[in-house]
Amino acid sequence: MEKPRPLVISIAAMLPFVIVLVLSHSSCASPTDSVYEAFVDCLRNNIHSPNVSNIVFAQTNASYDSLLRAYIRNARLNTSSTPKPLIIVTPLQEYHVQTAVICAKSIDIQLKTRSGGHDFEGLSYISDEPFIMLDMFNLRNITVDVEKGVAVVQAGATLGEVYYRIWEESDVHGFPAGVCPTVGVGGHFSGGGYGNMMRKYGLSIDHIIDAQIVDVKGRILNKESMGEELFWAIRGGGGASFGVILSYTIKLVPVPEVVTVFRVEKTLDQNATDLVVQWQQVAPHTDERLFMRLELRPVNSDVGGRHKTIRAEVLTLFLGGADELVSLLDKEFSTLSLNRENCIEMSWIESALWWASFRNGTHPNALLNRKLNSAKFGRRKSDYVKTPISKDELECIWKRMIELGETSIVFNPYGGRMNEISTDATAFPHRAGNLFKIEYSVNWKEPGYAADKNFTTQIRRLHSYMTPFVSKNPRRAFLNYRDLDIGINHHDNNSYHEGEVYGIKYFHNNFYRLVKIKTEVDPENYFTNEQSIPKL
């Protein structure tokens, strides 16, 4: 069979789209029924083959629930009352995506795209408006060319799959991205993509050299045909405001044959506060090969009975050997009291497994597993810190964390290469001047409104308490730690001003350039969500 050609704007020129769709017809027709029929009619009018395949699913299809839930990574967003897509489309070919965009737009229904399902607010698969969901998990091909030092990665691939496919071809190449292997490439890269090599190599987007996107007209565009402005926008500005990302071409980075990891814990009675004070002086300024994440959480104390304390845990990746690392931190980070016995030397791919909490000795093919053992209920928030937090202030923070109960915070150090890239080189603005980024995190196991309200209140109160210690005017936030508390767009006559509220927090001055690009490439504002880029 002749390979399908790219779509053009006209619906009449659309290519075959293979469908299996089971529709229920109730005796009382509803607006939902008409949406089904209109979307299906648009697809059927362009089918030139009698064969069908399971790539389109209505809510009445027996596979619908399992497909929807397969990539819901947050149990808070998987309830009977959670708004659900009218139709799930699971494209097998790129032209399936083109067809879905054109048909959904032709009937004026919202289209959402899910690559890995890790959006903390579920904006890729939840909406109060009727919508169709494109689930990209079938489009996950990864082609690695070690000689050229590049890889082409489809948007439905996971980070674990990216790391594994690189490792299959080379022991001395890697890629700077996140530590959770089930995160989808489409959302991770388009929002920035940070990980434990960011101080050496910057973000994922700093190594993206090409991309493919389906625009609002159904065209497949690459870097050349989309132009520099749109290519700039989808590197840090999120892809969902501009179209459907199909793939990214990335430049691999060199990694040494031996890297070192360690995990060191201290509680307050073990001088954890002094450790955190010194961590702020060292982690953002030390050797750029060294990344030291600091996790802080309230725990039950082993000393003095049942009272709570704070545990500080330092997790590290060093692109070098253990002896060099111990010597470095003996000089710079004395409160850590690091010993050679704390350190484990391994390959880079083994460090990816270690950071993902796999046991030592686990085969790298574990990174190909897309399934979570179980999705927890959870919420996240973010902040950026530009000046060190004093010891007295930290002690007040510990007290507040213990009072609240369960919310933890994570400090991710900046500096190194992050200081060398300008704030407008990509749409991601958080570069020089930031000491570290804070992730607020709370998880729970109990379903129901009461538990949700309790833990949501906890994380909101801690985030509010931290106001004096973090960035100001604007108080900045990280797009990929999605947080609807900082603003929601209702896409009415006040859309631009609503978008500006959260937009300057995520993108600072880059927001205004993103708005201009959005207005040019999607003038009817078709690609929207509760925190999308508005048009002028």
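The sequence shown runs -29 to -1, 1 to 507 under mature numbering (1 follows the signal peptide of the UniProt record, and there is no 0).
Glycine residues also receive a C-beta, built at the ideal position from the N, C-alpha and C atoms.
For residue i, the three-state DSSP class (helix, strand or coil)
| i | result |
| --- | --- |
| isoleucine 380 | strand |
| alanine 122 | strand |
| phenylalanine 407 | strand |
| aspartate 177 | helix |
| asparagine 414 | strand |
| histidine 434 | helix |
| aspartate 456 | helix |
| alanine 448 | coil |
| phenylalanine -13 | Any reading at phenylalanine -13 must be qualified, since the residue scores a pLDDT of 39, below 50, and its modelled position is unreliable; the value itself is stated next. Of the three classes helix, strand and coil, the one that applies to phenylalanine -13 here is coil, per DSSP. |
| glycine 470 | helix |
| proline 255 | coil |
| asparagine 480 | coil |
| arginine 497 | Checking the displayed sequence, the identity of residue 497 turns out to be tyrosine instead of arginine. Of the three classes helix, strand and coil, the one that applies to tyrosine 497 here is coil, per DSSP. |
| alanine 337 | helix |
| aspartate 142 | coil |
| lysine 347 | coil |
| threonine 427 | helix |
| alanine 29 | strand |
| serine 322 | helix |
| lysine 237 | strand |
| isoleucine 373 | helix |
| aspartate 395 | coil |
| glycine 158 | helix |
| isoleucine 504 | coil |
| leucine 354 | Residue identity differs from the one stated: residue 354 is aspartate in this sequence, not leucine. If DSSP states are grouped into helix, strand and coil, aspartate 354 belongs with the strands. |
| cysteine 151 | coil |
| isoleucine 360 | coil |
Check whether residue i and residue j have beta carbons under 9 Å apart
| i | j | result |
| --- | --- | --- |
| phenylalanine 407 | leucine 267 | no |
| proline 269 | methionine 107 | no |
| isoleucine 103 | isoleucine 73 | no |
| glycine 209 | glycine 162 | yes |
| arginine 85 | leucine 110 | no |
| valine 253 | phenylalanine 304 | yes |
| valine 121 | isoleucine 205 | no |
| glycine 127 | isoleucine 137 | no |
| alanine 327 | valine 150 | yes |
| glycine 474 | proline 439 | no |
| valine 27 | isoleucine 80 | no |
| glycine 376 | arginine 47 | no |
| residue 508 | glycine 158 | A query on residue 508 cannot be resolved here, the shown segment of the chain reaching from -29 to 507 and no further. |
| threonine 280 | leucine 239 | yes |
Backbone CA spacing between residue i and residue j [nearest angstrom]
| i | j | result |
| --- | --- | --- |
| glycine 166 | proline 384 | 10 Å |
| serine 51 | glutamate 199 | 43 Å |
| proline 400 | glutamate 495 | 27 Å |
| tyrosine 135 | leucine 94 | 28 Å |
| phenylalanine 160 | leucine 324 | 20 Å |
| phenylalanine 478 | aspartate 273 | 43 Å |
| methionine 389 | methionine 169 | 7 Å |
| aspartate 463 | aspartate 90 | 24 Å |
| tyrosine 96 | alanine 211 | 12 Å |
| phenylalanine 426 | asparagine 414 | 8 Å |
| threonine 70 | aspartate 456 | 35 Å |
| threonine 378 | alanine 41 | 27 Å |
| aspartate 301 | asparagine 310 | 9 Å |
| isoleucine 315 | threonine 231 | 6 Å |
| alanine 293 | aspartate 258 | 14 Å |
| alanine 29 | proline 56 | 9 Å |
| threonine 499 | proline 335 | 38 Å |
| asparagine 451 | valine 156 | 12 Å |
| arginine 282 | serine 318 | 29 Å |
| glutamate 366 | threonine 244 | 7 Å |
| lysine 357 | lysine 487 | 29 Å |
| alanine -1 | aspartate 36 | With a pLDDT of 46 at alanine -1, under the threshold of 50, the predicted position of this residue should be treated as unreliable, and no value is reported. |
Buried versus exposed call for residue i [16 or more other C-beta atoms within 10 Å across all chains shown]
| i | result |
| --- | --- |
| serine 361 | exposed |
| histidine 461 | exposed |
| lysine 352 | buried |
| arginine 15 | exposed |
| tyrosine 219 | buried |
| valine 115 | buried |
| asparagine 465 | exposed |
| proline 152 | buried |
| tyrosine 483 | exposed |
| asparagine 22 | Because asparagine 22 carries a pLDDT of 39, less than 50, the predicted location of this residue cannot be relied on, and no value is offered for it. |
| valine 143 | exposed |
| alanine 33 | exposed |
| proline 225 | exposed |
Q: Just list the alpha helix (DSSP H) runs in the stretch 169 to 231, keeping only unbroken ones of 4 residues or longer that don't cross its boundaries, in chain order.
A: 169 to 172, 194 to 197, 199 to 204
Q.
Just to confirm the assignment: which complete alpha helix (DSSP H) runs, minimum length 4, are found wholly within the stretch 59 to 138?
A. 65 to 77
Q. At which residue ranges does the stretch 253 to 305 contain complete alpha helix (DSSP H) runs of 4 or more residues, listed in the order of the chain?
A. 293 to 303
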